[in-house]
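According to mature numbering (1 follows the signal peptide of the UniProt record, and there is no 0), the stretch in the sequence shown is residues -18 to -1, 1 to 304, in order.
Here a beta-carbon is modelled for each residue, glycine too, at the ideal position from N, C-alpha and C.
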Amino acid sequence: MGKYIGLAVSLVPVLAIAADSDKLLDSASNTTLYGSIEQGIKVGDLNKDDKTRAEYLSDHVRLGIRGEEALNNDLQAFFNFHFSHEEKDGSSGLNGVREADVGLKGSFGKLTLGRQKTSWKTTVGKAVFDELTPGIERMSKMIRYDLDNIAGSGFHISLDGVLDGSHEVIANGKTRAFNAYDAAAGYQGRNFYVGVGYQRTSVDAIETKLGGKTNELIGASVSYTPYENKDRDQSLTLALDYHHHASFGEYFAASADYAFGRQKVRAGWEMLDYDKQKDLNLYHLGYRYYFSPRTYSELKGFYRKHGSDDGYVTKLMLHHDF
């Protein structure tokens, strides 16, 4: 409870500014409060003693503020703060869910400075389940450039680098300037998406899901919607992901996402095929019911197979976005 109170107290000054923003900003500016909360129950036997246990899940509480301001010459300034009531130790600069960034966007593209999502995270990974995929999702001290829908073609590019000469983000980094960077590109068609990405750190800092760290990832994602009926709120989307993890091996994932009315059924598979370890497979299945566009309940689970070891996890969740 203390963590929730601490989060609320820390946001009071920011919320006060947001509430009074109409007095501080002109009509060409806007500020939005957003967030999400998810609570539920987890049942599974992936424990140290391999016994089935039930747990209450309460670790998903997010709160954010974002805004934009129109400037001269068709420029826009923007900012984003994204908070969590709980953050893992050592994640202040690497991964975690908190964000704090500011930037400019216009006909030249978008330049974003601060703690934010990596180009790898936003470009590669279209399969709906990602329990096994590595890759650094967020980093501090980041300079990122995006150019979307180039000349109306549907193509986009994204580049970022972490300027970390003091090695606060990438511990024991080898350089006195940029110690991590990403490069990504993609194409969005009417019902088709393809993206490729590359992530590298100056030392082994990218954690894998079977132990150990690497310093390089390369990957691709494809998604395709073969069926969509907007009048009936029906759609089917298929996705495939592939990554190569330097010095380890390969990652594969596939998923199907079928939506019909207020309901959604999702199925997927993930595999780590590492050279010196037994294959790890996850088989996923999930069902969602939307009470509204912002509130849904979800029953999901996966079966895990790693050599002769196996186990399962099932979750029943209630989620709300605002």
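- The beta-carbon separation of M124 and D142, rounded to 5 Å, stays under the 8 Å limit for a contact.
- In the three-state reduction of the DSSP assignment, D128 falls in the strand class.
- Contact check for K246 against N263 fails: the beta carbons are separated by 8 Å or more.
- DSSP, reduced to helix, strand and coil, places A228 outside both helices and strands of the structure shown, so it counts as coil.
- Cβ atoms of L39 and L86 stay farther apart than 8 Å, at about 39 Å.
- The beta carbon of R214 sits closer than 8 Å to the beta carbons of F242 and G243 from its chain, once the five residues preceding and following it are set aside; these are given in chain order.
- With fewer than 16 other Cβ atoms from the protein chains shown falling within 10 Å of its own Cβ, T277 counts as exposed.
- Exposure of A133 is indicated by the presence of fewer than 16 other C-beta atoms within 10 angstroms of its C-beta.
- In the DSSP annotation of this structure, the continuous segment of the beta strand (DSSP E) that includes S140 starts and ends at F137 to L145.
- With a threshold of 16 other beta carbon atoms within 10 Å, E37 falls short and is exposed.
- Secondary structure note for K103: its alpha helix (DSSP H) is the uninterrupted segment S101 to T105.
- Taking C-beta separations shorter than 7 Å and ignoring five residues to either side along the sequence, the partners of T196 in its chain run D186, I188, T190, H227, A228, S229 and F230, following chain order.
- DSSP lists K246 and E280 as the bridge partner or partners of R270.
- For N161, the enclosing beta strand (DSSP E) covers residues F160 to Q170.
- Three or more beta-carbon pairs separated by less than 8 Å link the region 101 to 121 to the region 247 to 267, which places the two stretches in contact.
- G46 places its beta carbon less than 8 Å from that of F63.
- Closest in alpha carbon position to N161, among K99, L254 and A153, is A153.
- Secondary structure at R35: strand, using DSSP grouped into helix, strand and coil.
- Per the C-alpha coordinates, the member of F304, Y256 and E252 positioned closest to P275 is F304.
- A residue is called buried once 16 or more other Cβ atoms fall within 10 Å of its Cβ, and Y163 is buried on that count.
- Restricting attention to L298, R270 and Y285, the CA atom closest to the CA of D27 is found in Y285.
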